[in-house]
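A quick write-up on the structure given underneath.
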Amino acid sequence: MRILKQLLRNPLSLFGIILLIFFGLVAILAPWLAPPPNPYEPYRIAQFGYSPNPKPPTGPNPFTEIWKIVTRQSDFSKTHPFGTTEGQYDVYYGIVWGTRTAFLAGICITGITALIGIFWGTMSAYFGGWVDMVFMRITDIFQAFPFLIAAMTIAAVLQPKIGRSILTAAIALIVFGWMGYARLIRGDILSIRERDYVQAARAAGAGHLRLILRHILPNAIYPTLVVASMDIGSYVISFAALSFLGLGAEVGYADWGQMLSFARNWIPRLNQYWWIILYPGLALVLFVLAWNLVGDALRDILDPRLRGRITV
Amino acid sequence: MAAYIIRRLLLLPVTLFGVTLFVFGVYSFLDPAMKAALYVHDIPKTSDALQRIIHKYGLDDPFYLQYGRWLNQIFHGNLGWSKTAQRPVLEALLYYFPATVELVLWAAIPVIFIGIWLGILSAVHHNKPIDHASRVFALIGWSFPSYVYGLLLIMVFYAMLHWLPPGRVSDWVIQEINAGTFREVTHIYTIDAIINGRPDILLDVFKHMILPVITLSYIQWALLLRVTRSSMLETLRQEYVMTARSKGLAERIVIYKHAARNAMIPVATMGGMLLIGLLNGAVMTETVFNYRGMGWWAANAATQLDIISVLGFTLFNAIILSVGILFIDIMYAVIDPRIRLE
């Protein structure tokens, strides 16, 4: 409660929270805001026709067009509030449903990555000795690869095996994302492991699992969780980057990075087709900005020691 | 000091060994037909020909035998055949490498100078308009994916205004290169243009370079700015800075000679992160701007599933990064004696 109050008092994080609530509402209300033409495949962007040239937004005011869609006066075969991309994918539809993809990508990827990192770092620090040595050398090896390049490679290797999908990109990012968390929590646990209360618990006969879960982790996990919350934005960027390169979501999937990749084919005429980059770009930037604003403020509140330390 | 450097130097081969093991592990994950591209130019069409190749190159041998053979090939400079570049992978890497070096070097200049300069400035003018402005800049830089504002920059400066075109050079320069009137010495066109004494080509290179350099450097200098700022704020509160002030030294000298030097020590730890950022960013930037460098080629190869090329590129980058970080760590130990004791 205290945290929430402080978050709401800071104008920057308040703005971030308002943006997140807005995106959350869009994600929840997606079936109502943009009714899928095919209810069984809501994540396929509504597509009517195959004309290669993007079509401009219908009507002068996008809000009245959106209202027509929401009130079911019209559908995506006639009305395009934000225009269409090449292949006649509706930009508005893609943005609305892409919000769900973005939430999924940001939260799931960061969560799983942080879990793996916490597990790895905890094992390494708790058991120490040669376990620590081996675990940290393996971490070194993963860190020797530039993050995005390594993820790109994994995505390219997995694609023939499991097909081009958001799963490919997610796995690729998880494989090369956990090392920072492992290092961070390892350092914190090393300093806690020998404290008196841990020794006391050990002397009282607590097992490894109980020691780790009850006594060590609760006192060491906060900095890692704060850093993880600050990383959500950059994972969304990296995920969209893989889609943008053509290694993530398949063509026509409601994902902002995938939608932006359409713009690559129209570089000399982007002034004419501005809507294929402006709307998805704006959605992505605002979404990431919201997470960063909240994460930044959360860090200042929860852990003043981390202030000024930027982790991306 | 010497002990620290030796320990770090000894870790490098361990890491590189792990890196090769990882990359080879990924190779062995591939289909045999794709793996054959390590050794032959054409992926064989018939299963008969494929069997012959598998047998000839021992692609069904145990892992350690294959790994040893592959490592031997690597040391002889053979990374396989690149389908997308139509030449050996190593040759393709070296062909595209100078373009990327040129881009990264030009991008490093604004990163270091603007980042550090604005960082110091916003610490000195803490909570003044310039501090708030730089905070907003940094937040935007941190939240803006490089490919989005790369595309926006192209939209404004190329599609609308026709000032700054994408690509690496204009077509007429490529014609001159093909005709032999423009000699490529270093393949870094900025330097080549000076060697050839061609100001017109130099101007053309710059015109193509401005937008990618802005795109690549923005996030990096936004990060550096924040780190410099917080480090500088901490230093300015130290007592020796107060002593320097109370001695009556000019504020300029206090800031730049006494405070800034010490504030730079934590900033130096950012070196590794900046290198990673530039290597990653080069892939996105080159792809957006159709700038024919290493990253553009690798991203292209990845989408066409030319995995042999991508793995070669990854291995190459991992080696650059490992050696680069080793160099940065050693430099850091030279600057800051405290680090050697840990």
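These protein sequences, in sequence, are chains A and B.
Mapped onto my numbering, the consecutive letters of the first sequence carry residue numbers 1 to 312.
Mapped onto my numbering, the consecutive letters of the second sequence carry residue numbers 1001 to 1342.
Ideal Cβ placement from N, Cα and C applies to all residues, glycine included.
Point to revise | Short CB-CB distance (under 7 Å) between V1310 (chain B) and chain A | key: yes
Check your understanding: Got a sec: does the ligand ATP put a non-hydrogen atom nearer than 6 Å to the Cβ of L1278 (chain B)?
Key -> For the ligand ATP, the structure offers nothing, since it holds no ligand at all.
Practice item. Kindly indicate which residue of A:Y181, A:I185, A:I95 has the alpha-carbon position closest to the one of P42 (chain A). Key: A:I95
Point to revise | Boundaries (first-last residue) of the alpha helix (DSSP H) holding I212 (chain A) | key: Here I212 (chain A) belongs to no alpha helix (DSSP H), and DSSP marks it neither H nor E.
Check your understanding: Looking only at DSSP bridge pairs, what is Y253 (chain A) linked to?
Key -> A:R44
Point to revise | Close Cβ partners of E1286 (chain B) (< 6 Å) along its chain, the five nearest in sequence each way excluded | key: G1293, G1295, W1296
Review point. Under 7 Å between the Cβ atoms of A1301 (chain B) and L245 (chain A)?
Key: no
Practice item. Go ahead and label I232 (chain A) buried or exposed: buried means 16 or more other beta carbons lie within 10 angstroms of its beta carbon, across all protein chains shown. Key: buried
Practice item. Assign S1047 (chain B) to one of three DSSP states: helix, strand, or coil. Key: helix
Review point. Along chain A, which residues have their Cβ under 7 Å away from the Cβ of V1014 (chain B)?
Key: R137
Review point. Along chain A, which residues have their Cβ under 9 Å away from the Cβ of M1001 (chain B)?
Key: Within 9 Å Cβ-Cβ: nothing; M1001 (chain B) doesn't reach chain A, min ~22 Å.
Check your understanding: Leaving out five residues before and five after S229 (chain A) in sequence, what residues of the same chain have Cβ atoms less than 7 Å from its Cβ?
Key -> G295, L298
Point to revise | Complete runs of the alpha helix (DSSP H) confined to the region 1198-1254 of chain B [at least 4 residues] | key: 1199-1236, 1239-1246
Review point. Does any C-beta atom of chain B lie closer than 7 Å to the C-beta of T153 (chain A)?
Key: yes
Practice item. Compare the C-alpha of G1197 (chain B) against each of B:K1207, B:H1208, B:R1183 and name the closest. Key: B:R1183
Practice item. Over the uninterrupted alpha helix (DSSP H) stretch that includes M152 (chain A), give me the two end residues. Key: 147-162
Practice item. Could you tell me which chain D residues have their CB closer than 7 Å to the CB of G246 (chain A), listed as they occur along the chain? Key: Within the model displayed, chain D is absent; protein chains A and B are what it includes.
Check your understanding: Along chain A, in chain order, which residues have C-beta atoms closer than 7 Å to that of M1284 (chain B)?
Key -> A241
Review point. Looking only at its own chain, which residues have a Cβ that is under 6 Å from the Cβ of G121 (chain A), when we skip the five neighbours before and after it?
Key: A182, I185, R186
Check your understanding: So what's V312 (chain A) in DSSP terms, helix, strand or just coil?
Key -> Unreliable positioning characterises V312 (chain A) in this predicted model, as indicated by a pLDDT of 31, which lies under 50. A coordinate reading is not provided.
Point to revise | Nearest to E65 (chain A) (by Cα), restricted to the options A:P81, A:D196, A:P36 | key: A:P81
Check your understanding: What residues in its chain sit with their C-beta under 8 Å from that of L1224 (chain B), if we drop five residues either side in the sequence?
Key -> V1111, I1112, G1115, I1116, G1119, V1267, M1270, L1274
Exercise for review: Check distances from the C-beta atoms of the region 156-172 of chain A to those of chain B and list, in chain order, the residues that come in under 7 Å.
Suggested key: A156, V157, Q159, P160
Practice item. Would you check if the distance between the CB atom of D90 (chain A) and the CB atom of F76 (chain A) is smaller than 7 Å? Key: yes
Review point. I310 (chain A): buried (16+ other C-beta within 10 angstroms of its C-beta) or exposed?
Key: In this prediction, I310 (chain A) has a pLDDT of 42, which is less than 50 and means its spatial position is unreliable; nothing more can be read from the coordinates.
Check your understanding: Any idea what DSSP makes of D300 (chain A), helix, strand or coil?
Key -> helix
Exercise for review: With a cut-off of 8 Å on the beta carbons, I'd call Y197 (chain A) and H215 (chain A) a contact; round off their distance for me.
Suggested key: 7 Å
Review point. Between which two residues does the alpha helix (DSSP H) containing R193 (chain A) stretch?
Key: 179-193
Check your understanding: Using the C-alpha atoms, what's the distance from G1272 (chain B) back to A1002 (chain B)?
Key -> 21 Å
Point to revise | Residue range of the alpha helix (DSSP H) that includes G1080 (chain B) | key: Note, G1080 (chain B): premise wrong, no alpha helix (DSSP H); not H, not E.
Practice item. Check whether the Cβ atoms of G281 (chain A) and R44 (chain A) lie closer than 7 Å to each other. Key: no
**Study point:** alpha helix (DSSP H) runs contained entirely in the region 221-302 of chain A, provided each spans 4 or more residues
**Key:** 256-261, 275-302
Exercise for review: Spatial neighbours of D132 (chain A) within its chain, please: CB distance less than 6 Å, with the 5 preceding and 5 following residues excluded, ordered by chain position.
Suggested key: S124
Exercise for review: Check each residue of the region 280-303 of chain A: if its Cβ is closer than 7 Å to any Cβ of chain B, include it; give the result in chain order.
Suggested key: G281, L284, V285, V288, L289, N292
Point to revise | Reference Y78 (chain A), options A:E86, A:K68, A:G87, closest by Cα | key: It should be noted that the sequence gives Lys, not Tyr, for residue 78 (chain A). Answer by Cα proximity: A:K68.
Check your understanding: Under 7 Å, do S1143 (chain B) and V288 (chain A) count as touching if we go by C-beta distance?
Key -> yes
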